[in-house]
Amino acid sequence: MQTYLETPSECFSDLKDYPFSPHYISVGEFKIHYVDEGPKNAKETVLLLHGEPSWSYLYRKMIPPLSEKGYRVIAPDLIGFGKSDKPIDLNTYTYKNHVDWLKNLIAGLDLRNITLFCQDWGGLLGLRVVAEMDSRFARICAANTFLPTGDIAPKEDFLKWLRFSQEVSKLPVGKIIQNGCVSKLSSEIIRAYDSPYPDESYKAGARKFPTLVPISPDNPETERNRQAWIFYKNFRKPFITMFSDSDPITKGGDVFFRRTIPGAKGQKHTVIQGAGHFLQEEKGELLAELLSEFIQNNP
5 MQTYLETPSE
15 CFSDLKDYPF
25 SPHYISVGEF
35 KIHYVDEGPK
45 NAKETVLLLH
55 GEPSWSYLYR
65 KMIPPLSEKG
75 YRVIAPDLIG
85 FGKSDKPIDL
95 NTYTYKNHVD
105 WLKNLIAGLD
115 LRNITLFCQD
125 WGGLLGLRVV
135 AEMDSRFARI
145 CAANTFLPTG
155 DIAPKEDFLK
165 WLRFSQEVSK
175 LPVGKIIQNG
185 CVSKLSSEII
195 RAYDSPYPDE
205 SYKAGARKFP
215 TLVPISPDNP
225 ETERNRQAWI
235 FYKNFRKPFI
245 TMFSDSDPIT
255 KGGDVFFRRT
265 IPGAKGQKHT
275 VIQGAGHFLQ
285 EEKGELLAEL
295 LSEFIQNNP
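Encoded structure:
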């Protein structure tokens, strides 16, 4: 019996500014799609992790300038998103499974000397992956993300989003991206964010993600995230934050990272002006420039 859906390829035809060739790797019974640009033998690898409910399309403005500088740039679609397989059973989507799928991707591609750029769930997952595969990573850039343990009460903005995501009859992915931006997106771009989801049956992963955030101490992933924080309190590799000025959900989280992580001391942290939650959509070229600068300044 089919346990997952595959978005028909025609759904992705003629996407604006997304000319990248598709690549796939199996992680257990599912396939992850990823963009792989730049030289395969590059000394530096940049791993770009998206969150909820976006996909690698979010990184289309960052991928070319980074690959043109000679970095190998990997931008996967998380399982349930983009061009990756979309399990039908909601119970397949667990925090741990997402972490393991990413670990399998990294090991399967044998990625090393990685600079991680992570936003939203890309951070909840990516920061865990680094803690469990430390030797493969060289640097981290955290953008509009966090690593919750449930020991601090969530913001009301997040609780509103959680309720909305579970109660709305049709999850309006493109409109959610628009609502997370300061600037107005064209209908063409909104349609591109909607393209992986021909109907609601394809949105199981997007539906599930908000419920997986550890917002109470009894969450099954709370203890693993606490262990990750012990790791980060001793993390001395370069760590930088690039949070935006107009994201109500993660605003202020950059301060916590900077104060807690030794590797963040002395780095050139940035507040990205004029951007909302999906800052890659609004300020992608600037982020790529700052990320390249971060890599060059921390050889």
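Each number in the numbering used here corresponds to the 1-based position in the sequence shown with 4 added. Ideal Cβ placement from N, Cα and C applies to all residues, glycine included.
Look up residue i in the DSSP assignment and give the residues it is bridged to.
i	result
threonine 245	Ala146
isoleucine 276	Ser248
lysine 35	Ser30
lysine 90	Leu9
glutamine 123	Ala147
isoleucine 118	Thr49, Phe141
glutamate 41	Val77
Just to confirm my understanding: we take residue i, look at its own chain, exclude 5 residues before and 5 after, and list those with CB closer than 7 Å. What are they?
i	result
proline 218	Pro152, Thr153, Gly154, Glu225, Thr226, Asn229
tyrosine 197	Ser58, Tyr61, Val177, Gly178, Ile181
aspartate 161	Pro252, Ile253
threonine 274	Met246, Leu294
arginine 240	Pro266, Gly267
isoleucine 299	Glu48, Thr119, Arg143
glutamate 4	Because the chain is modelled from 5 through 303, residue 4 falls outside the range shown and cannot be assessed.
serine 306	It is not possible to answer for residue 306, since the shown part of the chain is limited to 5 through 303.
Tell me the DSSP secondary structure of residue i in three-state form.
i	result
glutamine 271	coil
cysteine 185	coil
valine 77	strand
glutamate 289	helix
valine 134	helix
isoleucine 253	coil
phenylalanine 282	coil
leucine 294	helix
How long is the line joining the alpha carbons of residue i and residue j, rounded to whole angstroms?
i	j	result
arginine 132	valine 103	7 Å
glutamate 48	isoleucine 83	25 Å
cysteine 185	serine 248	10 Å
proline 26	glutamine 231	35 Å
leucine 294	methionine 5	47 Å
lysine 287	threonine 215	28 Å
lysine 44	proline 202	33 Å
tyrosine 28	aspartate 89	10 Å
phenylalanine 16	phenylalanine 24	11 Å
glycine 86	proline 158	28 Å
aspartate 138	asparagine 301	20 Å
alanine 292	serine 187	19 Å
phenylalanine 168	alanine 46	43 Å
phenylalanine 141	alanine 135	9 Å
Tell me which same chain residues have a C-beta within less than 6 Å of the C-beta of residue i, skipping the five on either side of it?
i	result
asparagine 108	Val31
arginine 64	Asp21, Tyr22
valine 77	Glu41, Gly42, Val50, Ile67, Leu70, Ser71
Would you check if the distance between the CB atom of residue i and the CB atom of residue j is smaller than 7 Å?
i	j	result
leucine 53	cysteine 122	yes
threonine 254	asparagine 148	yes
threonine 7	proline 200	no
glycine 280	phenylalanine 150	no
isoleucine 36	proline 80	yes
leucine 129	leucine 113	no
phenylalanine 261	tryptophan 125	no
proline 242	glycine 267	yes
valine 75	glycine 209	Reading the sequence as shown, one finds tyrosine at residue 75 and not valine. Not closer than 7 Å, so no.
glutamine 277	isoleucine 244	no
Within a Cβ cutoff of 8 Å, which residues of the same chain sit near residue i, ignoring the five residues on either side of it in sequence?
i	result
lysine 237	Thr264, Ile265, Pro266
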